[in-house]
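Chemist:
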Amino acid sequence: MKSPPLKGLWYFKTAAELGSFKQAAEALFVTQAAVSQQIKTLEQQLGCMLFERQTRKVLLTQQGQDLLPYLHKAFGQMEMGLSTLKSDPNPTTINLTVLPSFATCWLLPRLASFNNALPDFQLRIDPTEQLADFNHDGIDIGIRFGFGNYPGLKSELIAEDELVLAYRPGLIDPNKPLREQLSKLNFIYDEGRDNEYAWLELNKQLGLSGHTFSNLKIDNAALVQQATVAGQGFSLLRRRLVNQSLELGQLEIYPDFAWLCEYRYYLVAPERHFEWPKLKAFRDWIVAELRGC
Numbered sequence: 000m001k002s003p004p005l006k007g008l009w010y011f012k013t014a015a016e017l018g019s020f021k022q023a024a025e026a027l028f029v030t031q032a033a034v035s036q037q038i039k040t041l042e043q044q045l046g047c048m049l050f051e052r053q054t055r056k057v058l059l060t061q062q063g064q065d066l067l068p069y070l071h072k073a074f075g076q077m078e079m080g081l082s083t084l085k086s087d088p089n090p091t092t093i094n095l096t097v098l099p100s101f102a103t104c105w106l107l108p109r110l111a112s113f114n115n116a117l118p119d120f121q122l123r124i125d126p127t128e129q130l131a132d133f134n135h136d137g138i139d140i141g142i143r144f145g146f147g148n149y150p151g152l153k154s155e156l157i158a159e160d161e162l163v164l165a166y167r168p169g170l171i172d173p174n175k176p177l178r179e180q181l182s183k184l185n186f187i188y189d190e191g192r193d194n195e196y197a198w199l200e201l202n203k204q205l206g207l208s209g210h211t212f213s214n215l216k217i218d219n220a221a222l223v224q225q226a227t228v229a230g231q232g233f234s235l236l237r238r239r240l241v242n243q244s245l246e247l248g249q250l251e252i253y254p255d256f257a258w259l260c261e262y263r264y265y266l267v268a269p270e271r272h273f274e275w276p277k278l279k280a281f282r283d284w285i286v287a288e289l290r291g292c
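Residue numbers for the sequence shown follow numbering that gives the first Met the number 0, beginning at 0 and rising by one.
Pasting the structure below:
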């Protein structure tokens, strides 16, 4: 026998529990005729009557009474199964995917703050350029730098950033003309993301049309920063990623040269993950940290 559709079984279960097609229709937000038709079709498929129709009510036949407890159990198990998809399988560990540059330059220096603010949670960091497969990689949430368009996922804007002209202390003198100094220095180019327009704007403002692109091109902002700290030249770096190097005196930034990034920082995950208590706590912590730097 062909299995009857779930819709008909659900309508039967509702009508049986309420003892009325009319009340079942109200509970299901459909017409009484729709309930009657679904149950009639179900009875035809099963080859037996499930209800005895009376003027003001309906009564279960013996076959209907026999079927109802099985449906209670089956639909109950379905609800339990669906609820597990929404629940957090590991409520004390935050599995985070994040860009390597953000992990190295921003997140790792703040682990003490994380541990102080969220002592009941363990942070597991997966540094990768690729956004995780949330269905198979065991990842709870990601931090991405982009436009926020991640199909099938919810993204929440948490911060903006700006590109600044960075260099090792002593490499550039802010009291001397910048154009002449930059024309003699190597430009360390970050191929990763969101840099070309700022470089073109810098060229436009300073008239550096004769300055060629660097022969050192790196697809990782953290490595670009390390090369800049090492005095290999100047670079355009995200301010949030260089704050610690500025505080330590490893880098300086040239005043009055900054460009708002077209990309922004987003939390990214399946929508249901955002309801998990551990991720609500993580979101509150990281937003507060980003406001402070």
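Even glycine gets a Cβ: it sits at the ideal position worked out from N, Cα and C. Given the structure is predicted, the values throughout are model-derived calculations rather than measurements.
#1: Does the Cβ of D119 have 16 or more other Cβ atoms within 10 Å, making it buried, or fewer, making it exposed?
#2: Three or more C-beta pairs closer than 8 Å, one from the region 108 to 119 and one from the region 246 to 264: is that the case here?
#3: For T103, which three-state DSSP category applies?
#4: Report whether the distance from the Cβ of T227 to the nearest heavy atom of the ligand MG is below 6 Å.
#5: Determine, using beta carbons only, whether A165 and L266 come nearer to each other than 7 Å.
#6: Where does N114 sit, in a helix, a strand or coil, going by DSSP?
#7: Helix or strand or just coil, what does DSSP make of T227?
#8: For a quick check, are the C-beta atoms of A220 and I140 less than 7 Å apart?
#9: Tell me, to the nearest whole angstrom, how far the beta carbon of F256 is from that of V163; I am working on the premise that it is less than 8 Å.
#10: In angstroms with no decimal places, state the Cα-to-Cα distance between A33 and P68.
#11: Please determine, among T54, L222 and S35, the residue with the shortest C-alpha to C-alpha distance to F20.
#12: Have a look at D189, W105, E161 and G232 and flag the residue whose alpha-carbon is nearest the alpha-carbon of K183.
#13: Between A280 and P90, what straight-line distance do the alpha-carbon atoms span, to the nearest angstrom?
#14: Once you ignore the five residues that flank E190 on each side, which residues in its own chain have a CB closer than 7 Å to its CB?
#15: Thinking C-beta only, is E161 closer than 7 Å to L294?
#16: Going straight from the alpha carbon of P168 to that of P99, what length do you get?
#17: Checking 7 Å against the spacing of the C-beta atoms, do D87 and W284 come in under that value?
#18: Using three-state DSSP, classify L122 as helix, strand or coil.
#19: Looking at the strands, I want to know which residues DSSP matches up with K153.
#20: Can you say whether N115 is buried or exposed, counting buried as having 16 or more other CB atoms within 10 angstroms of its CB?
Modeler: The answer reads as follows:
#1: By the C-beta density criterion, D119 is exposed, having fewer than 16 other C-beta atoms within 10 angstroms.
#2: No, because fewer than three Cβ pairs between the region 108 to 119 and the region 246 to 264 fall closer than 8 Å, the two stretches do not touch.
#3: DSSP, read as helix, strand or coil, puts T103 in helix.
#4: The model depicted lacks the ligand MG and carries no ligand whatsoever.
#5: No; because the gap between Cβ atoms is not below 7 Å, this pair is not in contact.
#6: The answer is helix: DSSP assigns N114 an H, G or I state.
#7: The answer is helix: DSSP assigns T227 an H, G or I state.
#8: In terms of Cβ geometry, A220 and I140 do not form a close pair [threshold 7 Å].
#9: Indeed, because the Cβ distance is near 7 Å, the residues count as touching under 8 Å.
#10: When only Cα atoms are considered, A33 and P68 end up about 23 Å apart.
#11: Of T54, L222 and S35, the residue nearest in Cα terms is S35.
#12: Ranked by Cα distance from K183, the options D189, W105, E161 and G232 are led by G232.
#13: Rounded to whole angstroms, the gap between the alpha carbons of A280 and P90 is 11 Å.
#14: Excluding residues up to 5 positions away in sequence, K216, I217 and D218 lie with their Cβ nearer than 7 Å to the Cβ of E190 in the same chain.
#15: Summary: the structure shown does not reach residue 294, with the chain confined to residues 0 through 292, and so no result is reported for it.
#16: Answer to the nearest angstrom: the Cα atoms are 25 Å apart.
#17: Not in contact: D87 and W284 (Cβ atoms no closer than 7 Å).
#18: The DSSP-derived three-state label of L122 is strand.
#19: Partner residues in the beta bridge of K153, as assigned by DSSP, are A268.
#20: Exposure of N115 is indicated by the presence of fewer than 16 other C-beta atoms within 10 angstroms of its C-beta.
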